[in-house]
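Trainee:
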Amino acid sequence: MKKKVVYGVVLLLTLISLPWLLSDFTRDEEDAATLFSHENSSYLSDYPAKQFINEPLQPVVEPQNLNSEKVSLGRRLFSDKRLSPSGDIACSSCHRLDDGGADRRLHPVKGDKSLGMINTLSVYNSANNFRWYWDGRATTLEAQVDESVTSLTELGARWNQLLPTLVSIPEYQAAFTRLYPSSGIQKDNVIDVIVEFERSLVTPGARFDRFLLGEVDALTSEEKNGYQLFKTYGCIACHQGGNVGGNMFQLFGVMANYFAGRKPLVEADQGRFNVTGNEDDRYRFRVPSLRNVALTAPYFHDGSVETLEQAVMVMASHQLGRPIPPDDARLIVLFLRSLSVQNSGDL
Ligand code: HEC
Ligand code: HEC
């Protein structure tokens, strides 16, 4: 008797919910159909067009669930010179938000006006890398921000001076108390808002991405040829994924020693060896992302090359072991330029 009632109730509930369940399925299918059809060329989603789903390069994906209040506080800190001991530089002095997220210098100018020994990396899309810095020594974004704040190569601040400075500025007091009512201005919270800001620094909408998203005319035929060459020469073996790099470590000089005959070598030239102490890791680097690469000359960890054309030639001879004819290199450079989002700072 009891069993029958239970069955009855279950049957009734199933019948009642059936139309709803079905309609939801149809809605999902419709969504998927619109995502992949791209009938409307101005439609941008995170999904590549059907024919590009298995491409080695993928479009930049908008970050989800960002806390906009943290992002804007992080942005203020990023550009505030009062955070540096000299009061002369901010993160944005070396990472120019209106220009590719780096500084276009051979070596960055530090707070004490001396020059750093390693080329500045872009902050754009860097949250999507798998490790941070040229040698990949930071394994979390939090560790990277901690280092960027304190390292003498970057902001060169000390937490025990920086935190009292922030406490003395009423707007920061108010903003941190609103976001973190029980803890306020603390090292972890400062790191947290800068991390959130870095996560927001993505550059979707490059012409190359619009092409992958189904807008076939977003690239010229020369740029499309350049992309083909980028694939057939094997650049994608190392520069791949949404960041066109940033997801593995590789030797700089697989086919020819880049450092031979160069004097003097500095610590930074040892690459990942500095992190692991393994002989195998000498001259090994995190493969850099090529997003916005046209905006971040000079190139390589040592800034040793001025133009993208030269960088492509060095890659061909040292990473692939085969020269690339100048016209092919030109086409690859045209493709690389299509990865830029101009005025990234406006995003
Ligand atoms: C004096 C110039 C300078 C200042 C100021 C500076 N940076 Fe940097 N930044 C660099 C250099 C140089 C590198 C590369 C260092 C390395 O790999 O060893 C770098 C690397 C980074 C990276 C790593 C990107 C990646 O993909 O690996 C991030 C993110 C970053 N900085 C954020 C910041 C933040 C946040 C601040 C402020 C707290 C800051 N930087 C201040 C010069 C600077
Ligand atoms: C075996 C892996 C590998 C291959 C293949 C490879 N690269 Fe690289 N690429 C790297 C590494 C590692 C670096 C960083 C070198 C350094 O500065 O220490 C780099 C750096 C670059 C840079 C400079 C980026 C910057 O911000 O300074 C460009 C441009 C580049 N590669 C383009 C190419 C092109 C084009 C090809 C194909 C012709 C290619 N790469 C093939 C591993 C590779």
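The opening residue of the sequence shown carries number 776 in the numbering used here; numbering runs sequentially from there. Glycine residues also receive a C-beta, built at the ideal position from the N, C-alpha and C atoms. Owing to the predicted nature of the structure, the values given are computational and were not obtained by experimental measurement.
1) Quick check on the DSSP output: the beta strand (DSSP E) that includes L1070 runs from which residue to which?
2) Tell me whether the beta-carbon of R1066 lies closer than 7 Å to the beta-carbon of F1024.
3) Give a single yes or no on whether R1030 has its beta carbon closer than 6 Å to a heavy atom of ligand 2.
4) Pick helix, strand or coil for S812, following the three-state DSSP scheme.
5) Which residue comes first and which comes last in the alpha helix (DSSP H) that contains R985?
6) Mapping the DSSP letters down to three states, classify F905 as helix, strand or coil.
7) Three or more beta-carbon pairs under 8 Å between the segment 995 to 1014 and the segment 855 to 866, yes or no?
8) Per DSSP, what kind of secondary structure is A1031 in: helix, strand or coil?
9) Quick one: Cα of S958 to Cα of F983, how far?
10) Tell me, please, which residues DSSP counts as bridged to A913.
11) Taking the alpha carbon of G849 as the reference point, which residue from K825, L896, D967, H870 has its own alpha carbon closest?
12) Using CA atoms only, rank isn't needed, just tell me which of L976, I1099, S889, P1098 is closest to N904.
13) Run through the DSSP bridge pairs and tell me what G1046 is partnered with.
14) Under 6 Å Cβ to Cβ from Q1094, same chain only, skipping five residues before and after it: list those, please.
15) Apply the 10 Å Cβ neighbour rule to K888 and answer buried if 16 or more other Cβ atoms are within range, or exposed otherwise.
16) Taking all protein chains shown into account, do 16 or more other C-beta atoms lie within 10 angstroms of the C-beta of T952, making it buried, or fewer, making it exposed?
17) If you count every other CB in all the chains shown that lies within 10 Å of the CB of T978, and 16 or more means buried, which is it?
18) Label T895 either buried or exposed according to how many other C-beta atoms from any shown protein chain fall within 10 Å of its C-beta, with 16 as the threshold for buried.
19) Hey, is E830's beta-carbon within less than 7 Å of any beta-carbon in chain B?
20) Rounded to the nearest angstrom, how far is the Cβ of E973 from that of F1110, given a contact under 8 Å?
21) If you follow the beta strand (DSSP E) that Q839 is part of, which residue opens it and which one closes it?
22) Does the separation of the CB atoms of I960 and L941 fall below 7 Å?
23) Does DSSP put Q1025 in a helix, in a strand, or in coil?
24) Compute the Euclidean distance between the alpha carbons of Y955 and Q833, then round it to the nearest angstrom.
25) Using 8 Å as the cut-off, can you tell me whether the segment 903 to 919 makes contact with the segment 1098 to 1108, which would need three or more C-beta pairs spanning the two stretches below that distance?
26) Hey, P1063 and G1020: beta-carbon distance below 7 Å or not?
27) Taking only heavy atoms of ligand 2 into account, decide whether any of them is closer than 6 Å to the Cβ of H1076.
28) Does the pairing of the segment 907 to 916 with the segment 1041 to 1052 give three or more beta-carbon distances under 8 Å?
29) Give a yes or no on whether the C-beta atoms belonging to G875 and T1071 are separated by under 7 Å.
30) Classify V991 as buried or exposed, calling it buried when 16 or more other Cβ atoms lie within 10 Å of its own Cβ.
31) Please name the residue, chosen from R851, V884, Y899, that lies closest to D873 on a Cα-to-Cα basis.
32) Is it buried or exposed for G1046, if we count other Cβ within 10 angstroms and need 16 for buried?
33) Candidates I969, A981, Y1058, S1092: which alpha carbon is nearest E844's?
34) Can you give the Cα-Cα distance for R1057 and G1078, rounded to whole angstroms?
35) Excluding sequence positions up to five away, which residues of its chain have a Cβ less than 7 Å from the Cβ of A950?
Mentor: Here's the rundown:
1) Note, L1070: premise wrong, no beta strand (DSSP E); not H, not E.
2) no
3) Note that residue 1030 is Met in the sequence shown, not Arg. No; taking the cut-off as 6 Å, the Cβ of M1030 has no heavy atom of ligand 2 nearer than that.
4) Any answer about S812 is weak, because its pLDDT of 32 lies below 50 and its placement is not dependable; what the coordinates show is given next. Of the three classes helix, strand and coil, the one that applies to S812 here is helix, per DSSP.
5) 982 to 987
6) coil
7) no
8) coil
9) 44 Å
10) W907
11) D967
12) L976
13) R1059
14) V1029
15) exposed
16) exposed
17) buried
18) buried
19) In the structure shown, chain B does not exist; there is a single protein chain.
20) Wrong, their Cβ atoms sit about 27 Å apart, outside the cutoff.
21) Here Q839 belongs to no beta strand (DSSP E), and DSSP marks it neither H nor E.
22) yes
23) strand
24) 36 Å
25) no
26) yes
27) yes
28) yes
29) yes
30) exposed
31) Y899
32) buried
33) I969
34) 18 Å
35) L848
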